[in-house]
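One structure below.
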Ligand code: IMP
């Protein structure tokens, strides 16, 4: 069923069931990759909150959880390229295995910035786990991006943590803009 958020119309793209199925597959891979490594999962707020919660419920290896906050969309439907560093990561990641948990990689600008920033803190490793990737939009190839739940078309989406004008984050599935 189509939905309206503020002035825009959206149609279903990925269901809640599909998301949960894919999260279990990714978690199984992470559990194998990080056995005996006690990784730190770092959620990138705000968009990661649902994905981070559901993913971490499926992680069975000992791990820590932390957050950082960046913003770049500032309410519209296209990236402004201006990154606000809203809230820095507060844990020491030196010699630790870090798994960044992102909602969506669009141009890759935000992730490129964050990976470079955290690399200076000398972690043992950094990998990125993203719920969504828009392969046709990427401008900054990121080799640390090793786990992607879904590749999606280069269109604006909301739901499951992602917003339009701060609305729609509470939807349990992903919806794409009807153009
Ligand atoms: P990038 O820096 O261009 O990769 O954009 C990354 C950030 O922009 C994400 O973390 C989201 O906050 C936001 N973003 C990118 N695409 C979308 C979208 O389709 N819907 C909602 N937010 C998006």
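Numbering (our numbering), first residue to last: 2 to 180. Quick reminder that beta carbons are idealized off the backbone N, C-alpha and C, glycines included. The model shown is predicted, which means the values in this text are computed figures rather than measured ones.
Asked                                                                                              : Found
Pick from 53, 68, 23, 93 that is closest to residue 104, judged by C-alpha positions               : 53
Whether residue 106 touches residue 146 by CB criterion (8 Å)                                      : yes
Runs of beta strand (DSSP E) wholly within the region 72–106 (minimum 3 residues, chain order)     : 85–88, 98–106
Reference residue 176; option with closest CA among 161, 83, 59                                    : 161
Residue 114 to residue 121 span [Cα, whole Å]                                                      : 11 Å
Cβ pair residue 71, residue 178 closer than 8 Å                                                    : no
Residue 105 beta carbon near ligand 1 (any heavy atom closer than 7 Å)                             : yes
Residue 51 burial status per 10 Å Cβ neighbour count (16 or more: buried)                          : buried
Close beta carbons around residue 57, own chain, < 7 Å, minus the five adjacent residues each side : 42, 66
Given 8 Å, three or more beta-carbon pairs between the region 12–19 and the region 167–174         : yes
Expected contact under 8 Å - CB spacing of residue 155 and residue 138 to nearest Å                : 5 Å
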